[in-house]
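**Student:** All residue numbers for the sequence shown refer to the numbering used here, where the first residue is 2 and numbers rise by one.
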Amino acid sequence: MVDLSKLKEEQLKLAKKIILTDSVKKINTIAGADQAYVGNKVISAIVVCDYKNFDVVEKKYSVVDSNIPYISGFLFYKDGPAIIEAFNMLEQKPEVLIVKGNGILHPRRIGMASHVGILLDIATIGIAKKMMAGEIRERTIYVEKEARGYELITREHSKPLYISPGNKISLKKSLEVIKNCLRYPNKLPMPLHLAHKYGNQIKEEIINKP
2 MVDLSKLKEE QLKLAKKIIL TDSVKKINTI AGADQAYVGN KVISAIVVCD
52 YKNFDVVEKK YSVVDSNIPY ISGFLFYKDG PAIIEAFNML EQKPEVLIVK
102 GNGILHPRRI GMASHVGILL DIATIGIAKK MMAGEIRERT IYVEKEARGY
152 ELITREHSKP LYISPGNKIS LKKSLEVIKN CLRYPNKLPM PLHLAHKYGN
202 QIKEEIINKP
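What follows is the structure in structure tokens.
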């Protein structure tokens, strides 16, 4: 059984450590982390790219058994250990990591991107397909009067993505970085798009293993 009250307590404690000022002066490399699933295994695929042209600098993946089901608001506890394991394998650590999941756009202000950012002490940006909290005014998402995220339509006729700072980066800079990473016709920013493809490739290999 998952003790949610204990996890909530931990989240609230960690949320106080989140930094929302820009810690990176110049971005040379940026990475995306995306997850795929086979049974109760979580595959985390991380692709590090050159920030200028999105050439792949390095990629790593990890496969971790998860005993926790998906519970809204607690995604880190299911997927986070795999992301951290894959990140720690990287020889070329990026300045910024884009995580599939929320940053501070979260009921307790600590989505997976923020949680990962604190534990790895790195600038992170969260991208989610669902809005977990708040209300939208002119594309900015407010929770308790605080601007915590941004609704971004990255491709015509596509559903929006929800961008929020994770850690060590501001909302303004998060949005600027994501916009810079968009390349038509992909809906996701390039580092995340490449990580998504890589994760699915690993998933196929695991499924088709003789």
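Here a beta-carbon is modelled for each residue, glycine too, at the ideal position from N, C-alpha and C.
Can you tell which of 55, 26, 161, 45 has its C-alpha closest to the C-alpha of residue 282?
**Tutor:** One cannot answer for residue 282 here, as it falls past the ends of the chain, which runs 2 to 211.
**Student:** Could you please give the first and the last residue of the uninterrupted beta strand (DSSP E) stretch that includes residue 153?
**Tutor:** Counting from one through the sequence shown, the residue named residue 153 turns up at place 152. Where residue 153 is concerned, the enclosing beta strand (DSSP E) stretches over 147-153.
**Student:** Counting C-beta neighbours from all protein chains within 10 Å, is the total for residue 6 16 or more, i.e. buried, or is it exposed?
**Tutor:** As a working mapping, residue 6 is identified with position 5 in the sequence shown. Answer is exposed; the Cβ neighbour count stays below 16.
**Student:** If we ignore side chains and look at the alpha-carbon of each, how far apart do residue 163 and residue 196 end up?
**Tutor:** In the sequence shown, residue 163 corresponds to position 162, counting from 1. In the sequence shown, residue 196 corresponds to position 195, counting from 1. Roughly 18 angstroms separates the two Cα atoms.
**Student:** Cα separation between residue 20 and residue 66?
**Tutor:** Here residue 20 is taken as the residue at index 19 of the sequence shown, counted from 1. Here residue 66 is taken as the residue at index 65 of the sequence shown, counted from 1. Answer to the nearest angstrom: the Cα atoms are 30 angstroms apart.
**Student:** So, helix, strand or coil for residue 157, using DSSP?
**Tutor:** On the sequence shown, residue 157 is found 156 positions in, with the first residue counted as 1. Correct three-state label for residue 157: coil.
**Student:** What distance in whole Å lies between the Cβ atoms of residue 181 and residue 124, which are believed to be in contact at a cut-off of 8 angstroms?
**Tutor:** Taking the first residue of the sequence shown as position 1, residue 124 is located at position 123. Taking the first residue of the sequence shown as position 1, residue 181 is located at position 180. Their Cβ separation, rounded to whole angstroms, is 14 angstroms, which puts residue 124 and residue 181 out of contact at 8 angstroms.
**Student:** Taking all protein chains shown into account, decide if residue 194 is buried (16 or more other Cβ within 10 angstroms of its Cβ) or exposed.
**Tutor:** Translated into the one-based positions of the sequence shown, residue 194 becomes position 193. Counting Cβ neighbours within 10 Å, residue 194 comes out buried, since at least 16 surround it.
**Student:** Relative to the alpha-carbon of residue 25, which residue among 147, 155, 150, 178 has its alpha-carbon at the smallest distance?
**Tutor:** By one-based count along the sequence shown, residue 25 stands at place 24. Considering only alpha carbons, the answer is 178.
**Student:** Out of curiosity, what's the CA-to-CA distance linking residue 55 and residue 79?
**Tutor:** Indexing the sequence shown from 1 puts residue 55 at position 54. Indexing the sequence shown from 1 puts residue 79 at position 78. Each residue's Cα considered, the two are about 29 angstroms apart.
**Student:** Do residue 140 and residue 152 have their CB atoms nearer than 7 angstroms?
**Tutor:** On the sequence shown, residue 140 is found 139 positions in, with the first residue counted as 1. On the sequence shown, residue 152 is found 151 positions in, with the first residue counted as 1. Yes, they are a contact pair.
**Student:** Given a cut-off of 7 angstroms on the beta-carbon distance, is the pair residue 49 and residue 37 in contact?
**Tutor:** Your numbering for residue 49 matches position 48 in the sequence shown. Your numbering for residue 37 matches position 36 in the sequence shown. No, the Cβ-Cβ distance between residue 49 and residue 37 is not below 7 angstroms.
**Student:** For residue 100, list the residues DSSP reports as bridge partners.
**Tutor:** Numbered from 1 along the sequence shown, position 99 holds the residue referred to as residue 100. Paired residues: 34, 127.
**Student:** Look at residue 63 and residue 86 and say whether their C-beta atoms are less than 7 angstroms apart.
**Tutor:** For the purposes of this step, residue 63 is taken as the residue at position 62 of the sequence shown. For the purposes of this step, residue 86 is taken as the residue at position 85 of the sequence shown. Yes, they are a contact pair.
**Student:** Which residue's Cα is closest to the Cα of residue 52: 81, 71, 97, 30?
**Tutor:** For the purposes of this step, residue 52 is taken as the residue at position 51 of the sequence shown. Comparing Cα positions, the closest option is 30.
**Student:** Put residue 175 into one of helix, strand or coil per three-state DSSP.
**Tutor:** As a first step, residue 175 must be located in the sequence shown, where it is residue number 174. Residue 175 falls in the helix class under three-state DSSP.
**Student:** May I ask you to report which of helix, strand or coil DSSP gives residue 89?
**Tutor:** The residue you call residue 89 lines up with position 88 of the sequence shown. DSSP places residue 89 in helix when its eight states are reduced to three.
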